[in-house]
Amino acid sequence: MGLEERVAELERRLAALEDREPEPSHRPSRGERPGPTADDPLRPLQQLEEQLAGHADGGVMYTGSVRLPTGQPYRWQFTELTEGLLDADWPATADCFAALGHPVRLRLLREILGGVRTAAELSALDDIGTTGQIYHHLRQLTGAGWLRTTGRGRYEVPAARVVPLLVMLSAARN
């Protein structure tokens, strides 16, 4: 899908959200929420709230269904209670975030998701650095769990990391 088509689709979806007026089949009583409809943009949120009923502090969910340029499909969903997130050892996640904190590493991840799999293929890319620098970045990404080796110098993003990586990229852009 080209840029113009993507922009047109986003504009169409935004207009639909702005013009949308809820039309419940009955008027909800006080404290009652209308049930989610198939075209309701907040349907996933309402489903999460139902799933987390009884957990006063709530939780977060991220989910995705993607097909990479290589044709590989990935589906992923993860839910975690707020309490577990707030009580976690946040500094322990610093290495995971730090591995993503370099433009070359992000480019390597993008290229690997796109099908460039070996260090030799990666070193042929423009503006990516020397072979030694590439191996340094690949070690950082592998150590943090964003990459794994599959033998013969091939790298891949583990299936359980594809959607979370795209979620983090999306969150960083918003």
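In the working numbering, the protein residues as written are 272 to 445.
Built from N, CA and C at the ideal position, the CB exists for glycine as well.
None of these values were measured; they are calculated from a predicted model.
DSSP has residue i in a bridge; who is on the other side?
{"i": "glutamate 427", "result": "Arg419"}
{"i": "phenylalanine 349", "result": "Tyr333"}
Using the Cα positions of residue i and residue j, report the straight-line distance between them to the nearest angstrom.
{"i": "proline 315", "j": "alanine 363", "result": "30 Å"}
{"i": "threonine 421", "j": "glycine 325", "result": "43 Å"}
{"i": "arginine 388", "j": "alanine 327", "result": "45 Å"}
{"i": "leucine 274", "j": "glycine 385", "result": "18 Å"}
{"i": "serine 394", "j": "glycine 372", "result": "20 Å"}
{"i": "threonine 401", "j": "histidine 408", "result": "11 Å"}
{"i": "proline 295", "j": "glutamate 321", "result": "In this prediction, proline 295 scores a pLDDT of 41, lower than 50, which makes its location untrustworthy; no coordinate-derived value is stated."}
{"i": "asparagine 445", "j": "valine 438", "result": "11 Å"}
{"i": "glycine 335", "j": "glutamine 404", "result": "32 Å"}
{"i": "leucine 440", "j": "aspartate 360", "result": "22 Å"}
{"i": "aspartate 310", "j": "glutamine 317", "result": "13 Å"}
{"i": "leucine 323", "j": "glutamate 351", "result": "10 Å"}
{"i": "leucine 313", "j": "phenylalanine 368", "result": "29 Å"}
{"i": "glutamate 382", "j": "valine 278", "result": "24 Å"}
{"i": "glutamine 411", "j": "alanine 443", "result": "20 Å"}
Would you give the residue range spanned by the alpha helix (DSSP H) that residue i belongs to?
{"i": "leucine 380", "result": "374-384"}
{"i": "arginine 410", "result": "402-414"}
{"i": "alanine 369", "result": "365-370"}
{"i": "arginine 314", "result": "314-322"}
{"i": "alanine 390", "result": "390-394"}
Hey, out of the options, whose CA is closest to residue i's CA?
{"i": "glutamine 451", "options": "Met332, Thr389, Arg378", "result": "Because the chain spans 272 through 445 in this model, residue 451 falls outside it and cannot be assessed."}
{"i": "arginine 432", "options": "Gly403, Pro374, Leu380, Asn445", "result": "Leu380"}
{"i": "leucine 377", "options": "Gly424, Glu392, Ile399, Asp360", "result": "Ile399"}
{"i": "valine 434", "options": "Ala415, Tyr345, Ala365", "result": "Tyr345"}
{"i": "threonine 353", "options": "Leu319, Arg423, Phe368", "result": "Leu319"}
{"i": "leucine 357", "options": "Val375, Gly330, Leu313", "result": "Gly330"}
{"i": "alanine 415", "options": "Gly424, Glu382, Ala365, Ala359", "result": "Ala365"}
{"i": "leucine 424", "options": "Leu412, Ala443, Ala430, Glu392", "result": "The sequence shown places glycine at residue 424, rather than the leucine named in the question. That would be Glu392, whose Cα lies nearest to the Cα of glycine 424."}
{"i": "alanine 370", "options": "Thr413, Leu339, Gln343", "result": "Thr413"}
{"i": "aspartate 397", "options": "Gly342, Leu418, Val375, Ala430", "result": "Val375"}
Any idea what DSSP makes of residue i, helix, strand or coil?
{"i": "proline 340", "result": "coil"}
{"i": "glycine 325", "result": "coil"}
{"i": "aspartate 358", "result": "helix"}
{"i": "valine 387", "result": "coil"}
Nearest chain B C-beta to residue i closer than 9 Å, yes or no?
{"i": "serine 394", "result": "Within the model displayed, chain B is absent; a lone protein chain is all it includes."}
Looking at residue i and the ligand NAP, is the gap between the Cβ and the nearest heavy atom below 8 Å?
{"i": "glycine 414", "result": "Among the ligands in the structure shown, none appear at all, so the ligand NAP cannot be discussed."}
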